[in-house]
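**Q** Numbering (this note's numbering), first residue to last: 6 to 163. Note that CB positions come from ideal geometry on N, CA and C, so glycine has one too. Keep in mind the model is a prediction, meaning the values are calculated, not measured. Please read through the structure below; I'll follow up with questions.
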Ligand code: HEM
């Protein structure tokens, strides 16, 4: 299990980035032949991406809740993500085709992709007593002091 780091840290990264969430929903459990290939394709792609950092994936986290499996991913840029998605030599293109051919629009397996482009300086983070996590794990972190609601800039103007 990842080791907890006591105290507060914040992300120490000053570049644009992309947050991408991708996931599936098992709508009909008995349609095993439809959702199993989608379910197993995900770790395969993640292994491929982790093996070659130049593809642009900074880090990812997989979460399961009920019927939904969701992967939160941090990418260097939208260009990296698009290049990977369309690449002739990587796995995604094949899975995309497989999905289009095999999973019909009849509600059997849900699939989603969400892409958020985030500009440098337009994100704010805080991790207290956490193991390396989220964007901090994906990039760099630095030590920070604890905050206090009575000691806030906004209080000065109101
Ligand atoms: C590492 C995980 C994944 C990444 C990074 C990823 C990335 C992307 C991106 C960037 C697109 C948009 C491409 C474009 O329109 O130019 C896309 C579309 C698509 N992907 Fe993925 N994907 C992932 C997982 C999956 C999985 C698990 C499947 C199914 C087995 C899948 C099937 C599809 C399909 C069907 C589309 C077209 C969606 C639409 O028509 O709106 N992807 N993917």
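1. List the residues that DSSP assigns as beta-bridge partners of residue 76.
2. Mapping the DSSP letters down to three states, classify residue 108 as helix, strand or coil.
3. Any chance the CB of residue 87 is under 7 Å from a heavy atom of ligand 1?
4. Decide if residue 31 is buried, meaning its Cβ has at least 16 other Cβ atoms within 10 Å, or exposed.
5. Would you report the Cα separation of residue 49 and residue 56, rounded to the nearest angstrom?
6. Between 77, 14 and 29, which has its C-alpha nearest residue 149's C-alpha?
7. Within the continuous alpha helix (DSSP H) that includes residue 51, where are the two ends?
8. According to the neighbour-count rule (16 or more other Cβ atoms, all chains shown, within 10 Å of its Cβ), is residue 143 buried or exposed?
9. Within its chain, find whatever has a CB closer than 6 Å to the CB of residue 66; leave out the 5 residues flanking it on each side and keep chain order.
10. Any chance the CB of residue 46 is under 7 Å from a heavy atom of ligand 3?
11. Pick helix, strand or coil for residue 163, following the three-state DSSP scheme.
12. If we count Cβ pairs, one from each stretch, closer than 8 Å, do we get three or more for the stretch 17-32 versus the stretch 94-108?
**A** Reading off the structure:
1. Paired residue(s): 27 and 67.
2. The answer is coil: DSSP assigns residue 108 none of H, G, I, E or B.
3. Residue 87: yes, Cβ under 7 Å from ligand 1.
4. The residue is buried, with at least 16 neighbouring Cβ atoms inside 10 Å.
5. Their Cα atoms are separated by approximately 11 Å.
6. Nearest in C-alpha terms to residue 149, of all of 77, 14 and 29, is 14.
7. Residue 51 -> alpha helix (DSSP H) spans 37-56.
8. Around the beta carbon of residue 143, 16 or more other beta carbons lie within 10 angstroms, which makes this residue buried.
9. Cβ neighbours of residue 66 beyond the five flanking positions: 77.
10. Looking at this structure, you won't find ligand 3 anywhere; what it does contain is ligand 1.
11. For residue 163, the predicted structure reports a pLDDT of 46, less than 50, and the residue's modelled location is therefore unreliable. The matter cannot be settled from this model.
12. No: the two stretches stay apart, fewer than three of their Cβ pairs being nearer than 8 Å.
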